[in-house]
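Scroll down for the structure; my scribbles are underneath it.
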Amino acid sequence: MSTIALRVVFVCSVLAVCATSRAFGQESAQAASQSEPSKADSKSKSESNGKTPDDTKPNDLGEDVKIFDKKSLKNWRIVDTFDFDQHGKVEVRDGTIHLEEGKPATGISIKSKIPKTNYEVSFAARRVKGSDFFCGLTFPIKEEFCTLILGGWGGQLVGLSNLDSFNAAENHTTQVIDFKNGQWYKVRLRVTDEFIRIWVDGEKIIEVEANRHKFTIYWEQEPVRPLGLVTWYTYGEIKDLKMHKLQVEKEVKEAKEASKSNEKSEVSK
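Heads up, the sequence shown is in our numbering, so the first residue is 755 and it goes up one at a time.
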């Protein structure tokens, strides 16, 4: 079975089995079995998920935003409210963040200031044990927030929650990856003014036009803002966690200035 982007038919079968899971992206059997397409399903194919080669350039990366020193969680706080009040043990060992199984959730939230757009976050994640998501990454998109779910709804579902009020199981980012316990997966999230792009093991699985959608998060995720990592009834690990500003901000500014210059030249002719 392919590890990336299986057909929606298979997604529906997973949802049917896992429909009794509760919220934080887990919806009821009624929501999971809806046959009518969501608003997001009507978006153009240019936004669709799928196996796509990495099309970014290494020199896009700008200033390093120091968020993890591989030794401690001094830039982070352990979330202990709402669904995190019975969180599992959280610690750093050998450069790896351990988020042990909570009842239901375990998570950390950044304390330091981070960019709201034109940035990239990269890390490796794996599920040690459990059968639900081993990585719920909440991240900012200008003044809004969204959550990337890896391994939800029974362990395989991937998607963004929420996109135009539709969760990771209901919008066009929904897909299935056969995550193996104990196996590391390289994840990369890139947020610009124009796009949200996500890669797993070097393959682009999600591309969304940032200006065409409304992004929200479930109330359970609110304590994790602006940037947070969460597991759900699952023991997960994170390593090689990095954040960079992107040069695209400079490029966009230069493009706008060039456009204005051209307009003035046309007017003066």
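Beta carbons are placed, not taken as given, at the ideal position from N, Cα and C, and that holds for glycine.
Helix, strand or coil for residue 980, going by three-state DSSP, please let me know. DSSP, reduced to helix, strand and coil, places residue 980 outside both helices and strands of the structure shown, so it counts as coil.
Distance between residue 908 and residue 969 (C-alpha atoms, nearest Å): If you take the alpha carbons of residue 969 and residue 908, they lie about 24 Å apart.
My parser needs the beta strand (DSSP E) runs of 3 or more residues fully inside the region 843–923; what are they? The region 843–923 contains these whole beta strand (DSSP E) runs: 844–847, 850–853, 859–864, 873–884, 889–895, 898–906, 911–915.
Assess, as a yes-or-no matter, whether the region 989–997 is touched by the region 871–878 under the definition of 3 or more beta carbon pairs within less than 8 Å. Counting Cβ pairs under 8 Å, three or more are found: they touch.
Using 10 angstroms around the beta-carbon of residue 863, count the other beta-carbons present and answer buried if the total reaches 16, otherwise exposed. The residue is buried, with at least 16 neighbouring Cβ atoms inside 10 Å.
How is residue 962 classed by DSSP in three states: helix, strand or coil? Residue 962 falls in the strand class under three-state DSSP.
To the nearest angstrom, report how far apart residue 841 and residue 987 are at their CA atoms. Our two residues, residue 841 and residue 987, have alpha carbons roughly 9 Å apart in a direct line.
Rounded to the nearest angstrom, what separates residue 922 and residue 1021 at their Cα positions? Straight-line Cα distance between these residues: approximately 49 Å.
Could you check if residue 817 is buried or exposed, using at least 16 other CB atoms within 10 Å of its CB as the buried criterion? That one is exposed.
How many Å lie between residue 980 and residue 839 at the Cα? Separation of residue 980 and residue 839 (C-alpha to C-alpha, rounded to the nearest whole angstrom) is 19 Å.
Looking only at DSSP bridge pairs, what is residue 952 linked to? According to DSSP, residue 952 shares a beta bridge with 943, 960.
According to DSSP, is residue 781 helix, strand or coil? The predicted model places residue 781 with a pLDDT of 36, which falls under 50 and marks its position as unreliable, so this point remains unresolved.
Based on the DSSP output, what are the partners of residue 926 in its beta bridges? Note: residue 926 is not bridge-paired with any residue in the DSSP secondary-structure output.
Who are the near neighbours of residue 1014 in its chain, counting only those whose CB is closer than 7 Å to its CB and skipping five residues on each side? So no residue of the chain qualifies.
What number of angstroms, rounded off, separates the C-alpha of residue 1000 from the C-alpha of residue 962? Roughly 18 Å between the two C-alpha positions.
Residue 929 classed as buried or exposed, judged by whether at least 16 other C-beta atoms fall within 10 angstroms: Classification of residue 929: buried, given that the 10 Å Cβ count is 16 or more.
Check whether the Cβ atoms of residue 914 and residue 925 sit closer than 8 Å, and answer yes or no. Between residue 914 and residue 925, the gap from beta carbon to beta carbon is short of 8 Å.
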